[in-house]
DNA sequence: CAATGGCATTGACGAACGTCGATATGTGAC
DNA sequence: GTCACATATCGACGTTCGTCAATGCCATTG
């Protein structure tokens, strides 16, 4: 079995490549929606914090202090990242743990690749 | 006249990788600024049109009709793409030719790569 | 049960964005 | 120089965005 063990969600085919022909409105909108999620310094930093965490996950309480914003604001950003499929949310007890969806960023990166 | 003397800057090392440790405010802002430029469906489509052109370049007159927007609006978007370093502008006669900066998208893609 | 703590939602505000029409700038043709 | 054309800039408009304080919801603890 040569198939990958897990993570089929956004990993393989998330969007059409930017440089692979003229995109129609739907494709352009889908891609732009993903990039827009990364178009805010706070969200970029949140992603980097989660990625740098020991177990690759973090709760809101771990995120508010590093970014210096209120809890509702951080919660708002995380919701947006979850909705775009870049981040996964898992409730464990009273805490909500956020983690970067495996392959999601790579899938986005592949839409920017020129050839290889 | 394009005010850009040369442009190797964004090609090689444009930004710090998202998943390569906690980004500071400056790094996050730089990255977000690039992604924000791709965070609009019109600009994504403009890029795809330029990339799909025969000689990898296009003037505003080639772009207004495909995106269905006014000339000032297209000009505005192109200015933004040029300012972020994703697109180069070259004036030839009465026309301004826009082309995707070689390596710019790849540099951005590399900031999203996890490892493999 | 009530109390506590973590997070989401709401409503509001100013700032930034996308779009347009009108106009300015600049280039080549006559 | 004058005209026509391609593009950029300006000013204005409605919409979206990022942020916060206040509040609500849910799970755990006593």
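Protein chains in written order, with this note's numbering: chain R, 1 to 116; chain D, 1001 to 1116. The beta carbon of each residue, even a glycine, is placed where N, CA and C say it ideally should be. Bear in mind that the values here come from a model prediction, so they are computed numbers and not experimental data.
1. Check each candidate in R:72, R:65, R:109 and R:18 and name the one with the smallest Cα separation from residue 1042 of chain D.
2. So with CB distances below 8 angstroms, who are the chain D contacts of residue 85 of chain R?
3. Under the assumption that residue 1049 of chain D contacts residue 1057 of chain D (Cβ atoms under 8 angstroms), give the Cβ distance between them as a whole number of angstroms.
4. Which of the three DSSP states is assigned to residue 1101 of chain D in this structure?
5. Please compile the residues from chain R whose C-beta is within a distance smaller than 7 angstroms of the C-beta of residue 1118 of chain D.
6. Does any CB atom of chain D fall closer than 9 angstroms to the CB of residue 44 of chain R?
7. So is residue 110 of chain R buried or exposed if we call it buried at 16+ other beta carbons inside 10 Å?
8. What are the complete alpha helix (DSSP H) segments, minimum 4 residues, inside the region 49-84 of chain R?
9. With a threshold of 8 angstroms, are at least 3 pairs of Cβ atoms found where one atom belongs to the region 1075-1091 of chain D and the other to the region 1100-1107 of chain D?
10. For residue 1016 of chain D, does the count of other Cβ atoms within 10 angstroms reach 16, so buried, or fall short, so exposed?
Concretely, from the data shown:
1. For the purposes of this step, residue 1042 of chain D is taken as residue 42 along the second chain, with counting starting at 1. Nearest option by C-alpha distance: R:18.
2. Locating residue 85 of chain R in the first chain gives position 85, counting from the first residue. Under the 8 angstroms cutoff, chain D gives no residues; its nearest Cβ is about 14 angstroms from residue 85 of chain R.
3. Residue numbering aside, residue 1049 of chain D sits at position 49 when the second chain is read from its first letter. Residue numbering aside, residue 1057 of chain D sits at position 57 when the second chain is read from its first letter. In this structure residue 1049 of chain D is not in contact with residue 1057 of chain D, their Cβ atoms being roughly 10 angstroms apart against a cut-off of 8 angstroms.
4. Translated into the one-based positions of the second chain, residue 1101 of chain D becomes position 101. For residue 1101 of chain D, the three-state secondary structure derived from DSSP is coil.
5. Given a span of 1001 to 1116 for chain D in the structure shown, any question on residue 1118 of chain D remains unanswerable.
6. Against the first chain, residue 44 of chain R aligns to sequence position 44. At a cut-off of 9 angstroms between C-beta atoms, residue 44 of chain R counts as an interface residue with respect to chain D.
7. Against the first chain, residue 110 of chain R aligns to sequence position 110. Buried is the call here.
8. Restricting attention to alpha helix (DSSP H) runs no shorter than 4 residues, the region 49-84 of chain R encloses them at 60-67 and 71-83, ordered along the chain.
9. Result yes; three or more Cβ-Cβ pairs closer than 8 angstroms.
10. Position 16 of the second chain, counting from 1, holds the residue named residue 1016 of chain D. Counting Cβ neighbours within 10 Å, residue 1016 of chain D comes out buried, since at least 16 surround it.
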